[in-house]
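Protein chains in written order, with the working numbering: chain A, 91 to 395; chain B, 91 to 395.
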């Protein structure tokens, strides 16, 4: 949603909602999720809003819409290392949408919820001009990881190479059927990296999920942690993309496309994820080519259709 | 939103989302809010969705929209006796809505949040065809009160006589300015009964807030508690309405109009609220006239414009 300068609006909101409440560890604008204390527990709260025109690709099934609405929220929680526990949703149906459609959306949600033992405990149902599904998820973290915790000397890990969702979307746009596109499941039923987030939270410095783009997530970690981040060409793989597009386009998708819902985290070492770079003193995010040349990785991305 | 049989859809959802998760005390469809255990605490979760066409009366200021979006969620929490703690929101702006508009909406939220020491800890911002504000609130209850706890022998209490919001709305529709209508604040800046909910939660049997109508809230308590509820004509006052409309219309507004955000609760006795009736063995909700005649109070209401 960087299209209309969402980040400027987030900045405005975080100023207006600045809080001194003691139970708030990370509030509005501090991170991708809120982290609060309830009793002795660290509770992570997040919300994500999907709407038909921007977020549901053509041909998406109602079950997949339900899946997606939950998945994007679980991905947010995964980015802090929280175990997801509870989910609520608001659904705005268009006039004429059937009970059958509604049931299918809910079943898609229920199936994914079951996989992670998430209880869907409430919601609100409404009628409007466009289909909206807004989700709200709460999780519990033994150790929560923010975007601000990266330290020079750490390595940078990525749970899977990015660009697959947008590649698939563009192939869909170009007229291909969903059966013909290579990573349909990344686009229609992305799997949030819940287990990986919990494992990485035991040792990660900084972590976040990637919804807008790898570039945006890296830049957020760099800014909030006050560090430089170097991504090495020699450590990444674009094979999953160069099978379908040229190398230049592949790199663009890898860095700047969204919708993959992978996790990026920093750690001294990790048994999970692919090491793609290093945290250094300084600022900015760079792509270090095999010949040693460095290029800035910009703060930009796209994840909506 | 009883218009499109929201209650049928809620029933469908509660079947699909039935859970055996131990930390869930009240899940989807059980009550107006969800109640869950986090550590040793009872945490109450709710969500409410407002959209421009159905929920914001003409002439409503952006600050009031922000106020309203938070107020309706705090009212839900108040209905369980929870102290509100955290709030998140999703706002969908229409193309062309200014930064200034956005800031005003947020300030309206922030002002009400401050009054109850609620921290607004996150949100999501989007563009769409209609202005939407979805809120999620979390509160903590020492003793939570559900709709299912009414017991024969208890009295029925109401925090204030209902019908004011809809009366004001209808006067607005009839061409009056907002300065001329009698209960403008009920319509534009309803105050959630947070303190009253906390006080009543110490001794109430059943409780809920009234968003759709007094009749719907009474019927929900009656059904879920398995009790009959008698409302006595001699115990209610319609003076606040008969000043403007005839007695028949006043009673219709009192019982069936929504938007007042009062609390209704049952208790042996209470220092707060007006006693308007009694809980009996049996089923159904009745209006007992001064002459002793009884009329069924139906399961219906309206609260949207």
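Glycine residues also receive a C-beta, built at the ideal position from the N, C-alpha and C atoms. On a predicted model such as this, the values are computed, not experimentally measured, just so you know.
As assigned by DSSP and simplified to three states, the class of residue i
i, result
"residue 196/A", "helix"
"residue 107/B", "coil"
"residue 246/A", "strand"
"residue 135/A", "strand"
"residue 241/A", "coil"
"residue 422/B", "What is shown of chain B runs 91 to 395, which leaves residue 422/B out entirely."
"residue 205/B", "helix"
"residue 115/B", "strand"
"residue 91/B", "With a pLDDT of 39 at residue 91/B, under the threshold of 50, the modelled position of this residue cannot be trusted, and the question is left open."
"residue 373/A", "coil"
"residue 358/B", "coil"
"residue 257/A", "helix"
"residue 395/B", "A caution first: residue 395/B carries a pLDDT of 49, below 50, which makes its placement in the model unreliable, though a value can still be read off. Three-state result, residue 395/B: coil."
"residue 274/B", "helix"
"residue 351/B", "coil"
"residue 214/A", "strand"
"residue 386/A", "strand"
"residue 124/A", "strand"
"residue 263/A", "helix"
"residue 226/A", "strand"
"residue 140/A", "strand"
"residue 368/A", "strand"
Contact set for residue i: own chain, Cβ-Cβ below 6 Å, skip 5 residues either direction
i, result
"residue 113/B", "126, 127"
"residue 149/B", "268"
"residue 355/A", "247, 290, 294, 297"
"residue 142/A", "220, 221"
"residue 181/A", "215, 223"
"residue 206/B", "174, 284"
"residue 241/A", "295"
"residue 91/A", "Only weak support is given to the placement of residue 91/A: the predicted model assigns it a pLDDT of 39, under 50, and the value that follows is read from those uncertain coordinates. Within the same chain, residue 91/A has no close Cβ partners at all."
"residue 162/A", "138"
Option nearest residue i by Cα separation, candidates the options
i, options, result
"residue 295/A", "95/A, 170/A, 212/A", "170/A"
"residue 339/A", "257/A, 116/A, 165/A, 100/A", "257/A"
"residue 191/B", "372/B, 285/B, 151/B", "151/B"
"residue 343/B", "211/B, 303/B, 288/B", "303/B"
"residue 320/B", "385/B, 146/B, 335/B, 108/B", "385/B"
"residue 140/B", "124/B, 132/B, 133/B, 159/B", "159/B"
"residue 235/B", "345/B, 138/B, 173/B", "173/B"
"residue 103/A", "365/B, 186/B, 205/B, 209/B", "209/B"
"residue 325/A", "309/A, 360/A, 362/A, 367/A", "367/A"
"residue 276/B", "110/B, 154/B, 101/B", "154/B"
"residue 249/B", "287/B, 228/B, 237/B", "287/B"
"residue 346/B", "300/B, 327/B, 335/B", "300/B"
"residue 244/A", "383/A, 375/A, 108/A, 360/A", "360/A"
"residue 109/A", "95/A, 124/A, 97/A, 98/A", "124/A"
"residue 314/B", "99/B, 281/B, 107/B, 375/B", "375/B"
"residue 272/A", "334/A, 211/A, 242/A, 292/A", "334/A"
"residue 183/A", "232/A, 350/A, 217/A", "217/A"
"residue 197/A", "133/B, 179/B, 134/B, 107/B", "107/B"
"residue 136/A", "199/A, 225/A, 211/A", "225/A"
"residue 390/A", "201/A, 383/A, 309/A", "309/A"
"residue 318/B", "164/B, 372/B, 199/B", "372/B"
Chain-order list of residues whose beta-carbon lies under 7 Å from that of residue i (same chain, five-residue window excluded)
i, result
"residue 330/A", "251, 254"
"residue 131/B", "230"
"residue 328/B", "337, 340, 341, 344"
Buried or exposed (CB count within 10 angstroms, at least 16 for buried), residue i
i, result
"residue 122/B", "buried"
"residue 283/B", "buried"
"residue 352/B", "buried"
"residue 307/A", "buried"
"residue 119/A", "buried"
"residue 95/B", "exposed"
"residue 129/A", "exposed"
"residue 98/A", "exposed"
"residue 232/A", "exposed"
"residue 312/A", "buried"
"residue 138/B", "buried"
Cβ shell of residue i (< 8 Å), same chain only, five flanking positions each side left out
i, result
"residue 323/B", "377, 378, 379, 380"
"residue 147/A", "259, 262, 277, 278, 395"
"residue 186/A", "none"
"residue 203/A", "160, 177, 209, 210"
"residue 392/A", "92, 93, 256, 302, 303, 346, 347, 348"
*asked:* So within the segment 283-343 of chain B, which uninterrupted alpha helix (DSSP H) runs reach at least 4 residues, ignoring any that extend past its ends?
replied: 284-290, 304-315, 329-332
*beta strand (DSSP E) runs wholly inside the segment 154-191 of chain B, at least 3 long, in chain order*: 173-184
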